[in-house]
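A.B. asks: Chains as they are written, first to last, in the UniProt record's numbering: chain A, 1 to 326; chain B, 1 to 326; chain C, 1 to 326; chain D, 1 to 326.
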Ligand SMILES: [Ca+2]
Ligand SMILES: [Fe+2]
Ligand SMILES: [Fe+2]
Ligand SMILES: [Fe+2]
Ligand SMILES: [Fe+2]
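Next comes the structure, spelled out in structure tokens:
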């Protein structure tokens with residue numbers, strides 16, 4: 001059986017993905033991409049870091065750009081339900097053999113740094129500085145009108161193992177792709193917050209971050225972004241789409257930032273709060289799995305990803321081949 | 001202080017609103033409205049009842065039309081997190097002096113019938129027949145392309161009392177309107193599922209059901225519905241909108257069904273899963289509260305509602321007057 | 001018979017409306033409205049005038065803001081098919097007893113100033129400075145993303161007379177409203193360029209300019225403008241809409257500039273190039289005439305307009321009453 | 001110089017493209033595609049032909065499906081400005097050595113059948129049965145909500161020659177692609193009705209019909225059609241797109257009907273009524289020429305087309321190669 005029984009009562013309560021720290025080589029270039037083009041809002045910046053939030057978020061940041069020699073990912077962060085959950089998390093990770101450390105993070109309360117099953121650096125916190133709402137300051141909206149961070153997608157050397165691990169943390173599978181021959185998972189989408197996913201896993205050399213997704217109001221905002229990027233020097237940064245995913249039924253666009261970190265612009269998936277929601281299974285060879293309209297993803301989409309800082313990826317166990325654009 | 005501290009650990013776990021039973025005088029007329037015009041899908045029907053679901057729902061029904069001598073509301077229903085939560089709910093309601101009864105409902109498992117603080121008939125269940133997904137059967141989409149039931153809004157004779165009651169059940173306030181003079185709540189929006197609301201309360205003769213809302217993909221679907229209703233004999237059933245709410249920031253349209261039950265078509269609110277989300281306060285006299293663009297709601301919107309079966313409404317305690325269209 | 005036989009072979013060839021000169025009391029305030037909020041592009045400006053074009057236009061200006069003691073309209077301008085048509089127009093207006101004058105206009109070639117049947121100042125030209133296309137410079141798009149000027153609508157003291165006059169100039173009626181009792185026209189829409197209208201006439205104290213309309217890509221841009229105006233101090237400048245017109249079937253919004261000049265934001269009408277297109281007749285008492293969805297226009301919409309410079313309006317002949325919002 | 005001076009005073013006045021007759025192998029299959037899926041309206045049908053119109057058209061047909069042994073194109077038709085223009089056209093074609101014939105066509109008045117410079121069968125008429133408007137019967141809208149026929153695109157063995165010929169007929173070039181090496185035209189877009197084109201020409205084995213385009217309200221209707229086709233057995237009929245054209249700036253989708261006739265769904269180009277509109281030049285090697293967002297067209301798009309009945313195509317003179325998807 002490819003997917004585990006959902007763990008409805010995990011030992012601690014992660015409520016959602018929260019933010020990610022990207023190492024970037026040139027803050028000015030990244031700022032032009034994320035602020036002037038995508039339309040994220042700067043909440044703080046100095047010579048080393050830019051903190052960003054999307055339009056409906058009240059937490060201080062959903063994306064941190066950190067000047068860095070390597071374009072690596074520093075950590076993936078998650079918000080827990082209250083302060084006490086942090087302690088429960090600390091104990092769980094420690095008990096299960098993961099390194100645990102309380103770290104200082106600007107604009108955040110107590111923050112627990114640990115790792116997942118593949119040594120991916122993850123951080124958990126409850127308190128982050130709360131900012132005044134700006135979602136009705138329409139003069140601030142620009143670019144793709146990003147509303148909120150939606151999910152992470154990771155290349156995983158063993159998707160079954162990733163799903164088993166995050167299932168312990170209460171991430172519930174909503175859709176998945178199975179390799180018919182081996183019976184192994186090729187990809188899976190798992191959620192905490194009631195959408196199709198907070199975390200997805202794709203078979204491939206990993207762990208690496210495949211992409212970080214932002215939610216936008218409608219497909220027309222995605223078309224607007226294509227027009228804007230195509231006429232402001234970013235035409236080569238449009239990697240795939242726009243289109244409708246088979247999996248998740250969402251409307252998507254994949255773009256690459258100046259350092260090659262992949263961003264998905266995403267809207268229109270569905271509500272998944274029911275604990276008895278049945279996961280939807282897709283066959284790896286179904287051409288509508290990736291794009292409902294039939295267009296295959298380009299090879300780069302299956303091969304390129306961002307490494308985590310100081311963490312060497314390894315090849316995937318599963319050698320099954322998806323449909324790649326010719 | 002007008003709103004209570006959120007109860008993050010209620011005695012039992014309601015995950016979301018689920019469905020409503022409308023008494024209707026003519027099933028054929030109601031079917032023409034809900035199925036042929038709005039685009040809800042029939043999941044079962046006989047001479048007495050039509051069961052409907054929206055496009056992304058897998059539960060058997062979100063709306064039940066029941067042939068009835070009176071156009072009253074039979075019950076409001078909620079889904080709980082698992083079977084055990086039903087027993088906890090049973091005990092809680094009983095302990096707190098509400099009538100409790102296990103009732104039989106087609107397509108549902110054990111169902112607890114009880115009442116809220118104003119004797120509104122509410123029903124809780126965990127299990128409902130699960131149907132195959134149809135959200136990617138695009139040939140079935142029509143009308144306004146309804147995706148899911150979103151919320152109930154009730155006229156309440158005392159909004160402070162309603163909020164206090166539902167707060168015990170874990171409904172968290174996201175936005176509210178205060179009457180500056182009395183310091184009392186005039187309206188409040190409260191959620192369980194992570195959107196702006198599952199349940200809202202509006203000051204007025206009550207308890208009565210003000211409206212039931214359905215979520216749709218984009219504002220353009222709402223424009224499409226206006227065009228359709230305006231040219232198929234339903235022009236007088238368009239009561240208010242379309243427009244953008246100040247409260248919730250959602251795009252809305254209010255329409256009346258053949259029996260006068262009010263339906264809101266709704267999209268574009270925001271995610272509220274953070275337990276530390278700060279509620280947004282509005283002044284009753286703010287003209288942008290109702291409609292961000294300044295248009296006042298018509299008098300009927302403040303006065304007309306659907307009564308619950310065998311339940312006489314009473315006048316509201318608070319006599320404050322909202323802004324009404326001239 | 002209320003509308004004349006179309007004159008398919010007028011004595012000279014006007015191809016389309018072109019631009020209008022608004023007297024404004026405060027150029028900075030007007031600039032904030034038209035440039036920063038609506039999104040028109042400045043093509044020239046000095047202490048007395050701001051020249052503007054919309055995104056797909058290559059002519060130098062579609063709107064000129066002129067600092068003025070009175071918020072009056074200085075002229076309505078039209079482009080003719082070639083230089084020779086100007087001379088034909090000159091002779092025609094002179095022969096028909098209208099004052100004719102060759103005037104100097106910046107960025108334009110020879111310009112004929114004359115009047116219509118109610119002494120409205122109109123100007124005709126063929127040559128205007130042509131600018132490089134900007135319609136694919138998507139970084140310039142903002143506000144409502146105005147694409148082009150679409151039409152003028154005038155209050156006319158006698159719509160039959162206005163239609164008879166413009167019919168001589170080849171303006172063809174596409175839709176019209178008749179007062180059933182008197183058999184007189186209450187309003188008419190007439191075109192040269194192949195859309196529903198270049199010039200419309202509404203019964204009322206006149207001549208006055210009722211509004212100037214700009215074409216935008218989709219209804220969603222109009223919703224965006226409502227959101228923007230509502231949150232940047234312009235909520236009281238939103239007069240009517242958004243909605244679907246019965247007449248023209250277009251999606252619309254009416255707003256007022258800082259001097260009270262009315263602007264319509266408009267999209268989605270239909271192609272009318274067929275010379276044998278049958279005009280569509282509407283009854284003045286049809287509630288869907290104004291707004292297909294049934295909402296009546298407010299009283300201000302029937303009463304307020306911009307006077308032309310040095311031209312006193314007179315009361316309308318026809319006293320029929322349209323449906324006005326209560 | 002690659003494009004000729006526009007002929008502003010052609011010998012007769014064609015106002016717009018009108019309709020096309022497709023030979024189809026199976027009327028039922030074609031009906032399912034054009035009526036049930038795209039949403040065109042049947043205006044007449046029998047065992048041999050189906051006549052169709054789009055939602056805002058009042059002429060009887062814009063597309064005729066004719067049962068046929070070969071999936072060829074029977075004729076391209078154009079509407080002239082009045083009856084007298086037909087006689088002028090007759091004389092012009094005869095004088096210039098083209099075969100001329102008055103033919104009987106159902107629902108049309110006098111119809112002149114002749115040929116263009118490559119023997120493509122073209123038909124001209126003024127009168128066609130006019131039908132009652134249906135553009136406000138919103139219950140009839142379905143599929144992609146086609147509003148009107150927009151343009152033909154032909155493979156031409158010599159685009160310079162095609163442009164020279166149609167320029168004599170008053171078709172004005174709005175945009176064009178030049179092969180830098182040879183200085184010859186690789187493609188051109190020419191119009192009569194005030195949009196980017198009625199007729200476009202693409203270098204290639206020809207004459208063949210590359211595609212017929214229909215205008216729809218917004219890009220979202222095109223997304224809706226993709227979703228519908230992808231889930232009703234037509235996923236393989238989606239050939240290219242959706243995307244934004246560089247040339248014309250329109251939003252597009254290319255699909256293939258059951259016989260392989262290519263249809264473009266199209267919206268959002270710009271107004272071109274100015275006689276002094278400057279044509280926009282593109283380089284054949286500009287990757288944003290085809291798709292502003294950079295995606296190359298597939299090979300089939302450059303190679304596949306529909307032949308005209310009894311007319312053998314020949315290879316193109318120009319051997320320049322466009323950018324083709326790998
Ligand atoms: Ca849209
Ligand atoms: Fe994703
Ligand atoms: Fe509501
Ligand atoms: Fe207008
Ligand atoms: Fe085309």
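Even for Gly, the Cβ is constructed at its ideal location relative to N, Cα and C.
1) Under 7 Å: does the beta carbon of residue 264(B) sit that close to some heavy atom of ligand 3?
2) Can you list, in chain order, the residues of its chain whose CB lies under 6 Å from that of residue 241(D), leaving out five sequence neighbours each side?
3) With DSSP run on the structure shown, which of helix, strand or coil describes residue 300(D)?
4) Residue 138(C) versus chain A: which residues are under 8 Å apart at the beta carbon?
5) Could you tell me the distance, in whole angstroms, from the CA atom of residue 29(D) to the CA atom of residue 227(D)?
6) Taking Cβ-Cβ distances shorter than 7 Å, what residues in chain C pair up with residue 40(A)?
7) Under 7 Å from any heavy atom of ligand 5, does the C-beta of residue 213(D) make it?
8) Compute every distance between the C-beta of residue 188(D) and the non-hydrogen atoms of ligand 5, then say whether any falls below 7 Å.
9) Counting pairs of beta carbons, one from the region 92 to 104 of chain B and one from the region 54 to 67 of chain B, are three or more of them closer than 8 Å?
10) For the candidate residues 265(D), 104(D), 275(D), whose alpha-carbon lies nearest to that of residue 38(D)?
11) Can residue 80(A) and residue 171(A) be called in contact, C-beta distance under 8 Å?
12) If distances are taken between C-alpha atoms only, which option among 321(B), 206(B), 44(B) comes closest to residue 106(B)?
13) So does residue 304(B) have its beta carbon nearer than 7 Å to some heavy atom of ligand 3?
14) Check whether chain A comes within 8 Å of residue 205(B), counting only Cβ atoms and requiring the distance to be less than that.
15) Can you tell me whether residue 151(B) sits near ligand 7, meaning its C-beta is under 7 Å from at least one heavy atom of the ligand?
16) What does a CB cutoff of less than 7 Å around residue 161(C) pick up in its chain, not counting 5 residues either side in sequence?
17) Along chain A, in chain order, which residues have C-beta atoms closer than 8 Å to that of residue 131(C)?
18) Is the separation between the beta-carbon of residue 212(C) and that of residue 263(C) shorter than 8 Å?
19) What did DSSP end up calling residue 151(C) once you bin it into helix, strand or coil?
20) Which value, in whole angstroms, describes the spacing of the CA atoms of residue 343(A) and residue 155(A)?
21) Going by alpha carbons, who is nearest to residue 120(A) out of 284(A), 299(A), 15(A), 152(A)?
22) How would you label residue 5(C), buried or exposed, when you count the other beta carbons within 10 angstroms and need 16 or more for buried?
23) I'd like to know whether the C-beta atoms of residue 19(B) and residue 86(B) end up nearer to each other than 8 Å.
24) Using the Cα positions of residue 68(B) and residue 25(B), report the straight-line distance between them to the nearest angstrom.
25) Between which two residues does the beta strand (DSSP E) carrying residue 228(A) extend?
26) Please determine whether the Cβ atom of residue 200(B) lies at a distance below 7 Å from any heavy atom of ligand 3.
27) Using 8 Å as the threshold, is the C-beta distance between residue 283(A) and residue 180(A) below it?
28) Taking a cut of 8 Å between CB atoms, which residues from the region 262 to 292 of chain C lie near chain D?
29) Counting only the same chain and skipping the five closest in sequence on each side, list residues whose C-beta sits under 8 Å from that of residue 250(D).
30) May I ask you to report which of helix, strand or coil DSSP gives residue 159(C)?
31) Sort 316(D), 307(D), 324(D), 59(D) by Cα distance to residue 298(D) and report the nearest one.
32) Going residue by residue through the region 178 to 225 of chain D, where are the continuous beta strand (DSSP E) segments of at least 3 residues, counting only ones entirely within it?
33) Could you tell me whether the region 192 to 207 of chain C touches the region 133 to 145 of chain C, using the rule of 3 or more Cβ pairs below 8 Å?
34) Of all Cβ atoms in chain C, is any one closer than 8 Å to the Cβ of residue 177(D)?
35) Taking 8 Å as the threshold (C-beta atoms), are residue 247(D) and residue 289(D) in contact?
36) Please classify residue 314(C) as buried or exposed, where buried requires at least 16 other C-beta atoms within 10 Å of its C-beta.
C.D. replies: Inspection of the coordinates gives the following:
1) yes
2) 252, 253, 254
3) helix
4) 224, 227, 228, 230, 231, 232
5) 19 Å
6) Residues of chain C passing the Cβ test: none, with the nearest at roughly 17 Å.
7) yes
8) no
9) no
10) 265(D)
11) no
12) 44(B)
13) no
14) no
15) Ligands present in the displayed structure are limited to ligand 1, ligand 2, ligand 3, ligand 4 and ligand 5, and ligand 7 is not among them.
16) 117
17) Ordered by position in chain A, no residue passes the 8 Å Cβ test against residue 131(C), which lies about 17 Å from the chain.
18) yes
19) strand
20) The question about residue 343(A) has no answer here: the residues shown for chain A are numbered 1 through 326.
21) 152(A)
22) exposed
23) no
24) 6 Å
25) No beta strand (DSSP E) contains residue 228(A), which is instead part of the alpha helix (DSSP H) from 219 to 230.
26) yes
27) yes
28) 268, 270, 271, 273, 274, 275, 276, 277, 278, 280, 292
29) 196, 244, 266, 267, 268, 269
30) helix
31) 324(D)
32) 185 to 191, 199 to 203, 208 to 215
33) no
34) no
35) yes
36) exposed
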